[in-house]
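A.B. asks: If you scroll down you'll find the structure; I have some questions about it.
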Amino acid sequence: MTLDTLYQVNTPEGISLRLSPAGPVVRMLAWTIDILIRLGINAVFFTALAFFGKTGLGIALILSFLLEWFYPVYFELYKKGQTPGKKMFNLYVSMEDASPISPGASIIRNLLRFVDFLPFLYGFGFISMLLTKRFQRLGDLVAGTVVLHKSLNYPTIEEDKTKAISPPVALNLNEQQALIRFQQRIPYLTAERAEELAQIATPLLLKNSNENSIENKQASSRLLGIANWIMGAKH
Amino acid sequence: MNLNEITANIRLRNPWEAIDLGFSMVQKWWLSIYLPLALLTFGIASVLYLIFPKGNVWIASLIFWWLKPLYDRVILHILSHKLFNDELSTWQVLKALPSLIWNTGLFQSLTFRRFSLSRGFNLPIWQLEQLRGSRRSERQSVLHQIAHTYAAWLTIVMVNIEIVIVISLFGLFMLFLPEKTANDFFVGMFSNKVEYERWIDLLNYLFYVFAVTLIHPFYIGASFALYINRRTQLEAWDIELDFKKLALRFETLARNLIPALLCVFTLSLLSTSSPVAADEATNLDTTSETQVTEFLSDERLPAESSKQVIKETMLTKELNDKQTVTYWVRKDTAKKPKNDPDKFSFADFFEPFAKIMGFIIEFALWILVAIVLFLLFYFRDSWLHLFNIERKAKKESYQAPEVMFGMDVRPDSLPDDIISESRKLWDNKQHRESLSLLYRGALIRLINIEHVQLKDSFTEGDVLKHSQKKISEAKHLFLDNLTNNWKMIAYAHRHPTNEAMEQLFNTWVSDFAIENVLSDLESNTPKKDGSKDE
Chain A
1 MTLDTLYQVN TPEGISLRLS PAGPVVRMLA WTIDILIRLG INAVFFTALA
51 FFGKTGLGIA LILSFLLEWF YPVYFELYKK GQTPGKKMFN LYVSMEDASP
101 ISPGASIIRN LLRFVDFLPF LYGFGFISML LTKRFQRLGD LVAGTVVLHK
151 SLNYPTIEED KTKAISPPVA LNLNEQQALI RFQQRIPYLT AERAEELAQI
201 ATPLLLKNSN ENSIENKQAS SRLLGIANWI MGAKH
Chain B
1 MNLNEITANI RLRNPWEAID LGFSMVQKWW LSIYLPLALL TFGIASVLYL
51 IFPKGNVWIA SLIFWWLKPL YDRVILHILS HKLFNDELST WQVLKALPSL
101 IWNTGLFQSL TFRRFSLSRG FNLPIWQLEQ LRGSRRSERQ SVLHQIAHTY
151 AAWLTIVMVN IEIVIVISLF GLFMLFLPEK TANDFFVGMF SNKVEYERWI
201 DLLNYLFYVF AVTLIHPFYI GASFALYINR RTQLEAWDIE LDFKKLALRF
251 ETLARNLIPA LLCVFTLSLL STSSPVAADE ATNLDTTSET QVTEFLSDER
301 LPAESSKQVI KETMLTKELN DKQTVTYWVR KDTAKKPKND PDKFSFADFF
351 EPFAKIMGFI IEFALWILVA IVLFLLFYFR DSWLHLFNIE RKAKKESYQA
401 PEVMFGMDVR PDSLPDDIIS ESRKLWDNKQ HRESLSLLYR GALIRLINIE
451 HVQLKDSFTE GDVLKHSQKK ISEAKHLFLD NLTNNWKMIA YAHRHPTNEA
501 MEQLFNTWVS DFAIENVLSD LESNTPKKDG SKDE
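Keeping their order, the protein sequence lines are chains A and B.
In terms of the UniProt record's numbering, the first sequence has 133 at position 133, counting the first letter as 1, and numbering is strictly consecutive.
In terms of the UniProt record's numbering, the second sequence has 402 at position 402, counting the first letter as 1, and numbering is strictly consecutive.
Structure (structure tokens):
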């Protein structure tokens, strides 16, 4: 098994969901965004309520308390597990089995921020994230939650004009996907590198043909043709 | 560099995920990394401490911090070998130190490149690609195109995490100290007034060395993973790996298969995923690469054994739980089976008797019900009061109290002319006695003339409340006023003004001490005064 951050959750249908837990670096940046937002809101509270003397101060303190503890809970429960900071970095909170976070778990993981915060600015939280495989802080461990990366959207590509070529032999899933990725990524590769990659796959192209090698610049366009065929173009 | 030997899953990741992969690397290979690294860092730290002891530990800390690029190189050396499946012993790592010092641009890193924000990300170009001069800077600018932002943020965040860990360690240490000692430390640290002990310096130094040793591999690991990801993006390493596997498969196929089997393959062209080809593929694919891209569960079972699993599952308690629930059901009398007429039945024989007995018992029961109803009516007095219905009989049994709040409220205890007597007392400055007499007179009037049923357990407030419905509005207004004045003098020793008192006397005559018939007429035009004395 090769090393990866992913872990799998098997659904009853036999489909395995691949989940990608988010580590401390991106989480700290997301947290920074959130704390800046909270600071901004608090500043508004305190300046607006400063006109009401001590009563205003009291109300502002209560509001800032509620904001500190229930801001994440609100966003986790009603905004698909994403506080504004997490949304900015494409993260979301969910249960370990990728189901939506439950209210109890959300409250627990946020109340336990108090523990993670110890002894100074999330010291325990960082240590816990560095030690656990899914980068969970203590609150996450207790609540059974995990912060995940939202899956990456591949850039959509323009329709390829290359003529579709049927593959000389049937390809397995892995190979089909490799060809499709080749097609998707070719705009980001240099022409030389693309050809170099395509030359690696020549045994496929030479199959059932009498050629011994393929001319330069030919391999990549023929592979693109096969990729097109796999993507559904049949002409 | 042999891509086939790579131990991490190569796929195109988003840069943050790549950073996380770096963390996973350190988590997985922690022993191979931390053992040589700790030897190095703690070795250097001890030497520095010996050179700059007492009072100059901060210089040792500063130099230790400045030497970070050296540790970077050692960590990257270990990680890069690990990534391509090359196990290094601690001794091998330490032996590689001289070449790491001389051949990796360490001098530049320690001088004018020390503060580069992307130094972790750039390191592989120096150390692994061994590029120098203009080629290096071109290469670096290509790699930086997308990754530089992430590399810089990574450095900033990791520096912060390092600081947090140092302060956390110190904070944790402080938490376990008695409060007084902890305070002294703080005072000692931030002022020069108290001479604090040297070992605190040493402790802080150790915490710092420990934090650097702990955090730095994660920084270099993440930077390296970011670099690998950027190269994967540029050079499509993932596709190269898959194409190599594909090529290997077809070369073996070409060598091993007899030409007759080729017909099967040409036939299978019709469908993209022929089962024959797929089987061949899995047979040849001895490595577990399918799980890299197959988005299906690893734990799929063959059909026969999954059938077995399904059977077992269907037999589990959860799916076969049976419960016995008992409840009453009305018997369906209509469907009662008729008895066989020929057969002698004990029940049939006694049926007429049973009917007669039933009639008699039913009749007797009805009589009983009638008797009970009659008795209930006859002795209604003894039980009806249980339902708390107010009845005349109760009113008749009412006994007027003789003493209320220590006052004699018998009618004959009063003087004939209450007002003049009270007025005389008031003029004599006997305010209390005067008001007491007036209030007592009011109470007696309520009891005897207005027929308000006062009890000796009532308070002044109760008297007011109970009399509200019984007397006219004007009278109640007066009573309210009087009660207030009385309470003020009785409990607060504050007597009303002469005018208020005069008004009370007047209202007594005009509103209160009059016959009911008259008062009923007057109650339609309530008096305004008498209520605002307080």
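C-beta: ideal position from N, C-alpha, C; glycine also.
These numbers were taken from a predicted model, which means no experiment stands behind them.
Answer with buried or exposed for residue 25/A, where buried requires no fewer than 16 other C-beta atoms within 10 angstroms of its C-beta.
C.D. replies: Counting Cβ neighbours within 10 Å, residue 25/A comes out buried, since at least 16 surround it.
A.B. asks: How would you write the range of the beta strand (DSSP E) that residue 18/A sits in, first residue to last?
C.D. replies: Residue 18/A -> beta strand (DSSP E) spans 16-19.
A.B. asks: Quick one: Cα of residue 54/A to Cα of residue 70/B, how far?
C.D. replies: Their backbone Cα atoms lie some 57 angstroms apart in a straight line.
A.B. asks: Is the CB-CB distance between residue 426/B and residue 488/B below 8 angstroms?
C.D. replies: No, the Cβ-Cβ distance between residue 426/B and residue 488/B is not below 8 angstroms.
A.B. asks: Using a Cβ-Cβ cut-off of 8 angstroms (strictly less than) and excluding sequence neighbours within five positions of residue 150/A, which residues of its own chain qualify?
C.D. replies: Hits under 8 angstroms: 90, 91, 92.
A.B. asks: So, does the segment 40-53 of chain B touch the segment 115-129 of chain B, judging by three or more C-beta pairs under 8 angstroms?
C.D. replies: Because the criterion of three Cβ pairs below 8 angstroms is not met, the segment 40-53 of chain B and the segment 115-129 of chain B do not touch.
A.B. asks: For a cutoff of 8 angstroms on Cβ pairs, would you count residue 38/A as touching chain B?
C.D. replies: With 8 angstroms as the cut-off, residue 38/A does not count as an interface residue toward chain B.
A.B. asks: List the whole-angstrom C-beta distance separating residue 97/A from residue 9/A, where the pair is believed to meet the contact cut-off of C-beta under 8 angstroms.
C.D. replies: Going by Cβ atoms, the distance from residue 97/A to residue 9/A rounds to 5 angstroms, so yes, they are a contact pair.
A.B. asks: Tell me the DSSP secondary structure of residue 233/B in three-state form.
C.D. replies: Note: residue 233/B maps to helix in three-state DSSP.
A.B. asks: Under three-state DSSP, which class holds residue 408/B?
C.D. replies: Of the three classes helix, strand and coil, the one that applies to residue 408/B here is strand, per DSSP.
A.B. asks: Below 7 angstroms between beta carbons is the criterion; list the residues of the segment 366-389 of chain B that meet it against any residue of chain A, in chain order.
C.D. replies: So the list is empty, because no residue satisfies the distance condition.
A.B. asks: Would the beta-carbon of residue 78/B fall within 8 angstroms of that of residue 125/B?
C.D. replies: No. Outside cutoff.
A.B. asks: For residue 45/A and residue 160/B, what's the separation of their Cα atoms in angstroms?
C.D. replies: Roughly 29 angstroms between the two C-alpha positions.
A.B. asks: DSSP three-state call for residue 92/A: helix, strand or coil?
C.D. replies: Strand.
A.B. asks: Pick out whichever of 215/B, 366/B, 324/B, 168/B has its Cα sitting closest to the Cα of residue 156/B.
C.D. replies: Among 215/B, 366/B, 324/B, 168/B, the Cα nearest to that of residue 156/B is on 215/B.
A.B. asks: Which full runs of the beta strand (DSSP E) of 3+ residues lie inside the UniProt domain "RDD" (22-144) of chain A, going along the chain?
C.D. replies: Taking only runs of at least 3 residues, the beta strand (DSSP E) segments lying wholly in the UniProt domain "RDD" (22-144) of chain A are 91-95.
A.B. asks: Do you know how far the Cα of residue 49/A is from the Cα of residue 60/A?
C.D. replies: Each residue's alpha carbon lies about 6 angstroms from the other.
A.B. asks: Please look up how many angstroms separate the CB atoms of residue 139/A and residue 112/A, rounded, as I've assumed it's under 8 angstroms.
C.D. replies: About 3 angstroms separates the two Cβ atoms, so the contact holds.
A.B. asks: Terminal residues of the continuous alpha helix (DSSP H) containing residue 174/A?
C.D. replies: Element bounds for residue 174/A: 173-185.
A.B. asks: Buried or exposed, going by whether 16 or more other CB atoms sit within 10 Å of the CB of residue 25/B?
C.D. replies: Counting Cβ neighbours within 10 Å, residue 25/B comes out buried, since at least 16 surround it.
A.B. asks: Starting from residue 23/B, find everything on chain A with Cβ-Cβ shorter than 9 angstroms and list it in chain order.
C.D. replies: Ordered by position in chain A, the residues that pass the 9 angstroms Cβ test against residue 23/B are 5, 23, 24, 25, 129, 130, 135.
A.B. asks: Going along chain B in order, which residues have a C-beta closer than 7 angstroms to the C-beta of residue 119/A?
C.D. replies: Under the 7 angstroms cutoff, chain B gives 168, 171, 172, 175.
A.B. asks: Going by C-alpha to C-alpha distance, which of 252/B, 484/B, 80/B, 21/B sits closest to residue 130/A?
C.D. replies: Answer by Cα proximity: 21/B.
A.B. asks: Residue 491/B lies in the alpha helix (DSSP H); which residues open and close that run?
C.D. replies: That run of the alpha helix (DSSP H) goes 473-491.
A.B. asks: Figure out for me which residue from 409/B, 476/B, 431/B has the closest Cα to the Cα of residue 444/B.
C.D. replies: Ranking 409/B, 476/B, 431/B by Cα distance to residue 444/B puts 409/B first.
A.B. asks: If we ignore side chains and look at the alpha-carbon of each, how far apart do residue 165/B and residue 170/A end up?
C.D. replies: So the alpha carbons of these two residues sit roughly 55 angstroms apart.
A.B. asks: Run through chain A and tell me which residues come within less than 9 angstroms of residue 536/B, C-beta to C-beta.
C.D. replies: Examination of residue 536/B is not possible in this model, given that chain B is present from 1 through 534 alone.
A.B. asks: Rounded to whole angstroms, what's the CA-CA distance from residue 210/B to residue 57/B? Just pull it up for me.
C.D. replies: C-alpha separation (whole angstroms): 15 angstroms.
A.B. asks: Grouping DSSP H, G and I as helix and E and B as strand, with all else coil, what is residue 495/B?
C.D. replies: In this structure, residue 495/B counts as coil in the three-state DSSP scheme.
A.B. asks: Is the number of C-beta pairs between the segment 79-88 of chain B and the segment 5-13 of chain B that are closer than 8 angstroms three or more?
C.D. replies: Yes, the segment 79-88 of chain B is in contact with the segment 5-13 of chain B.
A.B. asks: Name, in chain order, the residues that DSSP records as bridge partners for residue 8/B.
C.D. replies: In DSSP, residue 8/B forms a bridge with 3/A.
A.B. asks: Does the structure place the segment 402-419 of chain B close enough to the segment 450-460 of chain B that three or more beta carbon pairs sit under 8 angstroms?
C.D. replies: Judged by Cβ distances under 8 angstroms, the segment 450-460 of chain B makes contact with the segment 402-419 of chain B, as three or more pairs qualify.
A.B. asks: With 8 angstroms set as the bound, which would you pick, yes or no: does the beta-carbon of residue 197/A sit closer than that to a beta-carbon of chain B?
C.D. replies: Yes, residue 197/A counts as interfacial toward chain B.
A.B. asks: Identify each residue in the segment 169-198 of chain A for which the Cβ-Cβ distance to at least one residue of chain B is less than 9 angstroms, and report them in chain order.
C.D. replies: Of all residues in the segment 169-198 of chain A, 169, 170, 171, 172, 173, 174, 175, 176, 177, 178, 179, 181, 182, 185, 186, 188, 189, 190, 193, 194, 196, 197, 198 have a Cβ within less than 9 angstroms of some Cβ in chain B.
A.B. asks: For residue 10/A, which of helix, strand or coil comes out of DSSP?
C.D. replies: Strand.
A.B. asks: Starting from residue 147/A, follow its DSSP beta bridges and name the residues at the other end.
C.D. replies: Note: residue 147/A sits in a beta bridge opposite 93/A.
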